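Asks: I'd like to ask you about the structure that follows.
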């Protein structure tokens, strides 16, 4: 590369006008500046738009960290309903929190500096600055374990994959704001690869102890594998938006490399870093060595809080989709 | 609290003698200084010693992040063999890497700044600064999928829990340095709650396509739940050492609160932080609100790299255990 | 506090409409959700608005990290010109980069993954994903050292405080987009407490070796102290917006506690954390013990990238200021 | 590079023997494993040893973050006295804390979870989990401002550089454990480039108001520049150990590139990361583009808590220095 190749474009300093500015207009300023987090967010918006507009691309959204209770429940449900995303892979806990609201419970605005033992005595659980009550969990435990017998019976006691199990629950919900309901209605696969590690595990344990039938509902840990493999291998192109990381990110990347030649688009939003060697913080460069993400893929990793960055991206996306394509 | 209660003890500045100093002697200096990371590591060593010495305490070790390929394989296998820990909960990937070595493969010292596309063309995978070859994965794929028919047959095609499945593998291994083998020999439960999210998932998929029997090996996602619940409820006291976080940490904490009144000892080593609301970075204070960790528990969270901090703790522990108890 | 006091307000899930949404409308959604980073950013916007609207509040803006070259030069210059902020305390390097552009140089959009030795051979310097050329530094070195004789002569060789020195430079600039020029024109004090640690130090060294007069320009390290103390003690209320941390944050907090009873408003945007004990990551709670920030102050710390968060805050502020006050 | 070049060396898993293990023996295990933080710490120890053993290398130690009050005061003073390091560049606050103890004050082991307003009322200041009392600050204020008249008089009211000022203080101290005293006794330059941003600034302000002489003590912000430049240019080789980052790191790097062709050895211990573009988190690769660190330099950046990592390095160094060279 010649010297001038490194010096092609100036940083254009952002100018915030005194008048009303839309989210996407601000993202355009981020793009013109192009550095540090602003540049990465702008790139993330471009890639997100491209994968959503690409009719031959299957878009995987991965969900980790307590972002559903924290305020992104509707954002995610709407993305499913509007078919901006085709497949969702989530931690089970996020769907537990979706169901807590579907069963009439709530999440409360709390604070991160409180006396946790006082909360304990009040049967209030804390997730950073969110509060949830024990009674809302009990409501979920009761409502969901009741469904289990029915689901087992309806499926002739055949082992289910996690997404089949999720759809069975969604079928029985009424809350239109529920992510699980939205996945069921749109037949969007919603995989929970670590389903056992959540309140689902506890509810299963309760259900098991008092099940009416000897033939228990069974969830096969591996059954979903062939399904996600099929989705990946039957797609022309693969896109991924990672919220947080963890098992959901790994699951999608693994499917992309084993069933297909890797992802074509990838956006990761995380606060995790590469140095300690965990998957969540691993760079997109590293994924190239595995073939999980293609060398030629459009890809970016934003170091930031999902609750700040992802709504920005979705607002920018919707504004762009109202306009003509790039 | 009176003013003097805040001013009880001076920071004793560390003094590094020019002569030979043992790891535990350095930890004693950390303890005397008592601040920032040094203070937390010293406290972690004290709590680790206490839970190991406490004959009525069940010690859970949780393993996440690629720490087995990075050099802690023997450390963990030895802790199991010496029965310093009673239960292990791990990401499946760490056990995949244990098995790669058990099947004759290797991990190589690499670098984090390389051209990943070159690695890709050479069929070398990168985990931060570790390299693994595709052929070592293929060796694992072949070796392990061969075991699957046999395991299914030996168990009369009954669905297995993840720890039963792990023991079945361990039974068939010869490598004495293997964590999986050590768990089998000592009958230490080794749970993999997200087993599907790993090369196990891919190998299962391979096996499924060419299985000799129609009755496939099946792993029940929920079957292990009652087992870990029983272990917790049958213990007088519960201790936990978290390496990294993720699903393994959540699984242990969840068992501790649902089967028992929470953990009595807890040490967490992580680089994750609380602000984004993920479980891995959540504070030990937050866990009190849930009852996952007791208010009165001895507990500490060390912000640091597991590869640095945990060997320090183990070396200090072994040195202490050679002496008379506190 | 009673149980119900913890459960006063639900998390309202964000809804991103398909139509055009302004930045401030999105911030209102952040506010309604109220959790994790979104809640903190919303609070930061509220506090920023309040301190700017408060006619008896002196607003200090502190600038650290390479945010001026990265695209915030105009944002900061505009805040000064519009008198949204009353005092600026900055790392010297940020003003060096302001001057590089004032002297006709540029910052270029680069990348964080390049061969740095190639850049070295091309005399291109890298700041994460920004490139700057040596010739633009040389232009600055020449232009600025020429000013030094003149500044020394104009001030009768009296030692200057850093803000006086900055104004002397600003007086001699023509670039209306320059932060230094804006500070001079509006007589906004712009302190550089660590001025020596920057290209200013090198330029001084050059100047010193070839100065025409024996009486050198002199900058008194301590002279600015009484000035910032006077500003603080003559203000009814004090507000602070910290971009990054470092010496600038410490300087403002120290003035607030020694000249006054602490800050009344404080917003901090940083990626630094408290555990290692550095000032930049220290919590706002910690500052209460010192009296640097009042217990009753409106205050929030946002964990995030300044390039993402601060433009959001400024866009929200300007939109709000166009409307009637709260 | 050929395929086999990437696969030269296995990860040797650490083995913690049950018997006594010295710190340096553990570091050797880190070296054999060679990955993640362990590998970086082992490399840091090797480089530190080399630069200390290299008789033609000037070793710069940079000090930031509140590590002196946290327990490293003696470690640093001993490194100076043993002439392991040749130049120290520090934040002023660390030397303020050194002087607090030299004037008979103390730092106390505290906690990070306390009611800071209670501390405020008790006139106790908090630095993460360290407590300091107001009376110990007052003792410092009184003792130090008394010295100022004397120092001004002894220097005929000539402006001082920061290291000259520090030596003048050191000359008047009796505490043999003081870093400032050690620097004076060994004539080790100890630069405080941001001296004004600390209690020194406040004490100067006090002194100024009641000074007996009209001719005030004056510290010239730029005077030290030529001194550090001379040290660098008169050295055959340059080494740097960075504790934390900030102004001290920048000062040394800047001198290395302007007076010399960059550093030959560099070890950085920090928790800061590159993504937000701040100097403290910038990579050693980035410094190559500037010429601050040579491409051929031996260099490593450890992501970790200085209070954990640096004592390990010093203990390992001293153990090695007792043996014959590599």
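Residue numbers (the numbering used here), protein chains in the order written: chain A, 1067 to 1392; chain B, 1067 to 1392; chain C, 1067 to 1392; chain D, 1067 to 1392.
Heads up, the beta-carbon is just placed ideally off N, CA and C, and yes, glycines get one too.
The model shown is predicted, which means the values in this text are computed figures rather than measured ones.
1) I'd like the span of the alpha helix (DSSP H) that includes residue 1202 of chain A, first residue to last.
2) Select from the segment 1275-1299 of chain C all residues with a C-beta closer than 8 Å to any C-beta belonging to chain D, and list them in chain order.
3) Going by beta carbon distance, what residues of the same chain come within less than 6 Å of residue 1306 of chain C, once the five residues before and after it are set aside?
4) Does any residue of chain A have a CB that is nearer than 8 Å to the CB of residue 1345 of chain C?
5) Run through DSSP, which three-state label would residue 1327 of chain D get?
6) Have a look at residue 1176 of chain D and residue 1072 of chain B and give me their C-alpha separation to the nearest angstrom.
7) Which partner residues of residue 1142 of chain C appear in the DSSP bridge assignment?
8) Taking just the CA atoms, how far does residue 1260 of chain C sit from residue 1207 of chain D?
9) When you compare the segment 1092-1101 of chain B with the segment 1381-1390 of chain C, are there three or more beta-carbon pairs, one atom per stretch, that lie closer than 8 Å?
10) When you compare each of C:1163, C:1180, C:1067 and C:1179 to residue 1172 of chain C by their alpha carbons, which one comes out closest?
11) Tell me which residues of the segment 1167-1178 of chain C have at least one Cβ-Cβ distance to chain D shorter than 8 Å, keeping chain order.
12) So, at 7 Å on beta carbons, what are the nonlocal neighbours of residue 1229 of chain A in its own chain, with the 5 sequence-adjacent residues on each side left out?
13) Is residue 1082 of chain A helix, strand or coil by DSSP?
14) Taking the DSSP output, what are the residues bridged to residue 1124 of chain B?
15) I'd like to check one pair, residue 1136 of chain C with residue 1343 of chain D: are the Cβ atoms closer than 8 Å?
16) Under a Cβ-count criterion, where at least 16 other Cβ atoms within 10 Å of its own Cβ denotes burial, should residue 1075 of chain D be classed as buried or exposed?
17) Could you name the residues of the segment 1102-1113 of chain C whose beta carbon sits closer than 9 Å to any beta carbon of chain B, in the order they occur along the chain?
18) Is the shortest distance between the beta-carbon of residue 1352 of chain B and the beta-carbons of chain C less than 8 Å?
19) Residue 1148 of chain D to residue 1298 of chain D, Cα distance in whole Å?
20) Is residue 1149 of chain B helix, strand or coil when you go by DSSP?
21) Could you list which residues in chain A have their beta carbon closer than 8 Å to that of residue 1307 of chain B, in chain order?
22) Relative to the C-alpha of residue 1380 of chain C, which candidate in A:1088, A:1077, A:1068 and A:1069 has its C-alpha closest?
23) Looking at chain C, is there any beta carbon in it that lies within less than 8 Å of the beta carbon of residue 1128 of chain B?
24) Candidates D:1182, D:1169 and D:1144: which alpha carbon is nearest residue 1362 of chain C's?
25) Can you tell me whether residue 1090 of chain D is buried or exposed? The criterion is at least 16 other CB atoms within 10 Å of its CB, across all chains shown.
26) Quick check on this structure: which residue in C:1382, C:1371, C:1378 and C:1383 has the alpha carbon closest to the alpha carbon of residue 1130 of chain C?
27) Name the chain B residues whose beta carbon is nearer than 8 Å to that of residue 1132 of chain A?
28) If we define contact as Cβ-Cβ less than 8 Å, is residue 1140 of chain D a contact residue for chain C?
29) Assuming contact is defined by CB atoms lying nearer than 8 Å, are residue 1196 of chain A and residue 1077 of chain C in contact in what I supplied?
30) Thinking just about the alpha-carbon of each residue, which of A:1204, A:1215 and A:1356 is nearest to the one in residue 1170 of chain A?
31) In the DSSP assignment, find the unbroken beta strand (DSSP E) run with residue 1253 of chain B in it and report its ends.
32) Suppose the cutoff is 6 Å on Cβ atoms and the five residues either side in sequence are ignored; what does the same chain contact list for residue 1325 of chain A look like?
33) In three-state terms, what does DSSP make of residue 1087 of chain D?
34) Reducing DSSP to helix, strand and coil, say where residue 1075 of chain D ends up.
35) Between residue 1320 of chain B and residue 1359 of chain B, what straight-line distance do the alpha-carbon atoms span, to the nearest angstrom?
36) Compare the C-beta of residue 1262 of chain D with all C-beta atoms of chain A and state if any pair is closer than 8 Å.
Replies: Short version:
1) In the first chain, counting from the first residue as 1, residue 1202 of chain A sits at position 136. Its alpha helix (DSSP H) spans residues 1200-1220.
2) 1284, 1285, 1286, 1287, 1288, 1290, 1291, 1292 and 1295
3) The residue given as residue 1306 of chain C occupies position 240 in the third chain. The answer, listed in chain order, is 1126, 1318, 1329 and 1332.
4) If you number the third chain from 1, residue 1345 of chain C lands on position 279. Closer than 8 Å to the CB of residue 1345 of chain C there is not a single CB belonging to chain A.
5) In the fourth chain, the residue the question calls residue 1327 of chain D occupies position 261. Residue state for residue 1327 of chain D is assigned as coil, using DSSP reduced to three classes.
6) For the purposes of this step, residue 1176 of chain D is taken as the residue at position 110 of the fourth chain. For the purposes of this step, residue 1072 of chain B is taken as the residue at position 6 of the second chain. Approximately 7 Å between the Cα atoms of the pair.
7) Counted from its first residue, the third chain places residue 1142 of chain C at position 76. None, per the DSSP bridge assignment.
8) Within the fourth chain, residue 1207 of chain D is the residue found at index 141, counting from 1. Within the third chain, residue 1260 of chain C is the residue found at index 194, counting from 1. About 22 Å.
9) Cβ pair count under 8 Å is below three, so no.
10) As a working note, residue 1172 of chain C is residue 106 in the third chain. The shortest C-alpha separation from residue 1172 of chain C is found at C:1163.
11) Listed in sequence order: 1178.
12) Taking the first chain and counting its residues from 1, the one referred to as residue 1229 of chain A is at position 163. So the qualifying residues of the chain are 1255, 1256, 1257, 1290 and 1293.
13) The residue you call residue 1082 of chain A lines up with position 16 of the first chain. Note: residue 1082 of chain A maps to coil in three-state DSSP.
14) Along the second chain, one-based indexing puts residue 1124 of chain B at 58. Looking at the DSSP assignment, residue 1124 of chain B forms a beta bridge with B:1304.
15) Here the question's residue 1343 of chain D lines up with position 277 in the fourth chain. Here the question's residue 1136 of chain C lines up with position 70 in the third chain. Yes; because the gap between Cβ atoms is below 8 Å, this pair is in contact.
16) Within the fourth chain, numbered from 1, the residue matching residue 1075 of chain D stands at position 9. The residue is exposed, with fewer than 16 neighbouring Cβ atoms inside 10 Å.
17) 1102, 1103 and 1106
18) Taking the second chain and counting its residues from 1, one reaches residue 1352 of chain B at position 286. For residue 1352 of chain B, the answer is no, since every Cβ of chain C falls outside 8 Å of its Cβ.
19) Position 82 of the fourth chain, counted from the start, is the residue given in the question as residue 1148 of chain D. Position 232 of the fourth chain, counted from the start, is the residue given in the question as residue 1298 of chain D. Taking the straight line joining both Cα atoms gives about 21 Å.
20) Sequence index remark: in the second chain, residue 1149 of chain B carries index 83 (1-based). In the three-state scheme derived from DSSP, where H, G and I count as helix and E and B as strand, residue 1149 of chain B is classed as coil.
21) Here the question's residue 1307 of chain B lines up with position 241 in the second chain. Within 8 Å Cβ-Cβ: nothing; residue 1307 of chain B doesn't reach chain A, min ~16 Å.
22) Residue numbering aside, residue 1380 of chain C sits at position 314 when the third chain is read from its first letter. The candidate whose alpha carbon is nearest that of residue 1380 of chain C is A:1088.
23) Looking up residue 1128 of chain B in the second chain gives position 62. Not closer than 8 Å to any Cβ of chain C, the Cβ of residue 1128 of chain B fails to qualify, so no.
24) The residue given as residue 1362 of chain C occupies position 296 in the third chain. Cα-wise, what sits closest to residue 1362 of chain C is D:1182.
25) For this step, residue 1090 of chain D is matched to residue 24 along the fourth chain. By the C-beta density criterion, residue 1090 of chain D is buried, having at least 16 other C-beta atoms within 10 angstroms.
26) For the purposes of this step, residue 1130 of chain C is taken as the residue at position 64 of the third chain. Answer by Cα proximity: C:1371.
27) If you number the first chain from 1, residue 1132 of chain A lands on position 66. Simply 1343, 1344 and 1345.
28) Taking the first residue of the fourth chain as position 1, residue 1140 of chain D is located at position 74. False, the Cβ-Cβ gap to chain C never drops below 8 Å.
29) Sequence index remark: in the first chain, residue 1196 of chain A carries index 130 (1-based). Sequence index remark: in the third chain, residue 1077 of chain C carries index 11 (1-based). For residue 1196 of chain A and residue 1077 of chain C, yes; Cβs fall inside 8 Å.
30) Position 104 of the first chain holds residue 1170 of chain A. When only C-alpha atoms are compared, the closest one is A:1204.
31) Taking the second chain and counting its residues from 1, the one referred to as residue 1253 of chain B is at position 187. Taken as a continuous stretch (DSSP letters only), residue 1253 of chain B belongs to no beta strand (DSSP E), as it is neither H nor E.
32) Walking along the first chain from the start, residue 1325 of chain A turns up at place 259. Once the five neighbours on either side are set aside, the close Cβ partners of residue 1325 of chain A are 1295, 1298 and 1299.
33) Taking the fourth chain and counting its residues from 1, one reaches residue 1087 of chain D at position 21. The answer is coil: DSSP assigns residue 1087 of chain D none of H, G, I, E or B.
34) Numbered from 1 along the fourth chain, position 9 holds the residue referred to as residue 1075 of chain D. Here residue 1075 of chain D sits in coil by DSSP.
35) As a first step, residue 1320 of chain B is located in the second chain; it is residue number 254 there, counting from the start. As a first step, residue 1359 of chain B is located in the second chain; it is residue number 293 there, counting from the start. For residue 1320 of chain B and residue 1359 of chain B, the distance between alpha carbons rounds to 10 Å.
36) The residue given as residue 1262 of chain D occupies position 196 in the fourth chain. Under the Cβ criterion of 8 Å, residue 1262 of chain D is not counted among the residues facing chain A.
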